[in-house]
Ligand SMILES: [Ca+2]
Ligand SMILES: [Ca+2]
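Numbering (the working numbering), first residue to last: 175 to 501.
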């Protein structure tokens, strides 16, 4: 009789434990990232450990000065103090190799593939709607990813980026997380490496005399920095924080909606971005941002576009937040 009661109690204890773990796990995953209903329907069941791919860099939380009062961009003003919790961030932009693992495991169909075209910046230096251009065919039909496994994935919409992030148990960075990581803890930084202009540091033999990022060069040698289009990730030096291609190469989607006046009313702690705006932010500039107008690459410059838009120069990287208390 006593054995039976002990057995029953044991069974109940096991059931309760399993239920609690399931409930916590479900809540945790549902709470992992906010995605629109269309993207939520498209994502697969939660990823296994094997699907959690890519090296991430730990960013210690803290307070920093976000924006810049002297920026030519009004939406980067006013500069204001922001606190962010600690988090991990991908050390480089998501690559074709990584995105292929997501697609192979889920049969995910990107926005550009569904629509049948994407925006390509062609050799005549103009944007064209190119039928058949998508992440597998970056310049359109007849092009492929051969030899491009380690290039940033492009022709991905904001929705595609969110779906990948959710699959890999990550999130898109908020603007605050992205800028905090990009600044490398350097107060008054314009670039991830500080305030030296790209060409100035080269002329002075500074920062190793190497190009620090993949920008666009006008003139006789459009690939003076090594690449006239996208470059494989990690082709340029890491920032002091250990991140690659934060500035240049591919622009990077952020989670936030875009509001030009957001800095005037944003909360100090972990600002999530405005909730109503349709357009989504991307940061960092790209290989199409001119070197002589390096403004686009400043760590505080904010760009935006429709979440459905796909192009040959926008990619993303992901973050994984850590739970932390405000000090
Ligand atoms: Ca270049
Ligand atoms: Ca980039």
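C-beta atoms are modelled at their ideal positions from N, C-alpha and C, and glycine is treated no differently. Bear in mind the structure is a predicted one, so any value in this text is a computation, not a measurement.
For residue i, three-class secondary structure by DSSP
i           : result
residue 401 : coil
residue 249 : helix
residue 332 : helix
residue 352 : helix
residue 491 : coil
residue 343 : coil
residue 450 : coil
residue 264 : strand
residue 471 : helix
residue 285 : helix
residue 484 : coil
residue 459 : coil
residue 237 : strand
residue 279 : helix
residue 477 : strand
residue 391 : coil
residue 385 : coil
residue 443 : strand
residue 274 : helix
residue 304 : strand
residue 337 : helix
residue 504 : Residue 504 falls outside the range modelled here, since the chain spans only 175 to 501, and no answer is possible.
residue 230 : strand
Same chain, Cβ closer than 6 Å to residue i, five either side skipped, listed in chain order
i           : result
residue 485 : 293
residue 306 : 314 and 315
residue 253 : 239, 241, 242 and 243
residue 214 : Because residue 214 sits at a pLDDT of 37, beneath the cut-off of 50, its placement in the model cannot be relied upon, and the point is left open.
residue 229 : 265
residue 311 : 317
residue 260 : 234, 235, 496 and 498
residue 483 : none
residue 352 : 428 and 457
residue 262 : 230, 232 and 494
residue 322 : 270
residue 365 : 421
Exposure label - residue i; buried when at least 16 CB within 10 Å
i           : result
residue 345 : buried
residue 281 : exposed
residue 481 : buried
residue 458 : buried
residue 443 : exposed
residue 477 : buried
residue 487 : buried
residue 246 : exposed
residue 409 : buried
residue 449 : exposed
residue 384 : exposed
residue 195 : Because the pLDDT at residue 195 is just 37, under 50, the model does not fix this residue reliably, and the point stays unresolved.
residue 391 : buried
residue 441 : exposed
residue 439 : exposed
residue 334 : buried
residue 296 : exposed
residue 332 : buried
residue 470 : buried
residue 341 : buried
Same chain only: Cβ atoms within 8 Å of residue i, ignoring 5 sequence neighbours per side
i           : result
residue 405 : 325, 388, 419, 423 and 461
residue 298 : none
residue 291 : 303, 304, 305, 306 and 307
residue 425 : 456, 457, 458, 459, 460, 477, 487, 488 and 489
residue 156 : No statement about residue 156 is possible, as the shown extent of the chain runs from 175 to 501 and does not include it.
residue 407 : 266, 267, 269, 324, 325, 326, 418, 419 and 423
residue 251 : 241, 242, 243, 245 and 437
Residues near residue i in its chain [Cβ-Cβ closer than 7 Å; skip 5 each side]
i           : result
residue 363 : 357, 369 and 473
residue 249 : 434 and 476
residue 255 : 237, 239 and 442
residue 402 : 396
Neighbour flag for residue i against chain B, beta carbons, 9 Å
i           : result
residue 358 : Looking for chain B here will not work: only one protein chain is present.
| Is the segment 354-361 in contact with the segment 231-251, if contact means three or more CB pairs nearer than 8 Å? | The segment 354-361 makes contact with the segment 231-251; the number of CB pairs closer than 8 Å reaches 3 or more.
| said: Is it the case that the segment 453-471 contacts the segment 406-418, given that we only count it when at least three CB pairs across the two stretches are under 8 Å? | reply: The answer is no - the segment 453-471 does not touch the segment 406-418, with fewer than three Cβ pairs under 8 Å.
| query | Is the segment 418-433 close to the segment 486-497, with three or more CB pairs under 8 Å? | reply | Yes, since at least three Cβ pairs between the segment 418-433 and the segment 486-497 fall closer than 8 Å, the two stretches touch.
| Does the segment 395-403 come close enough to the segment 425-444 that 3 or more CB-CB pairs lie under 8 Å? | The way I'd put it, the segment 425-444 doesn't touch the segment 395-403; fewer than three beta-carbon pairs between them come closer than 8 Å.
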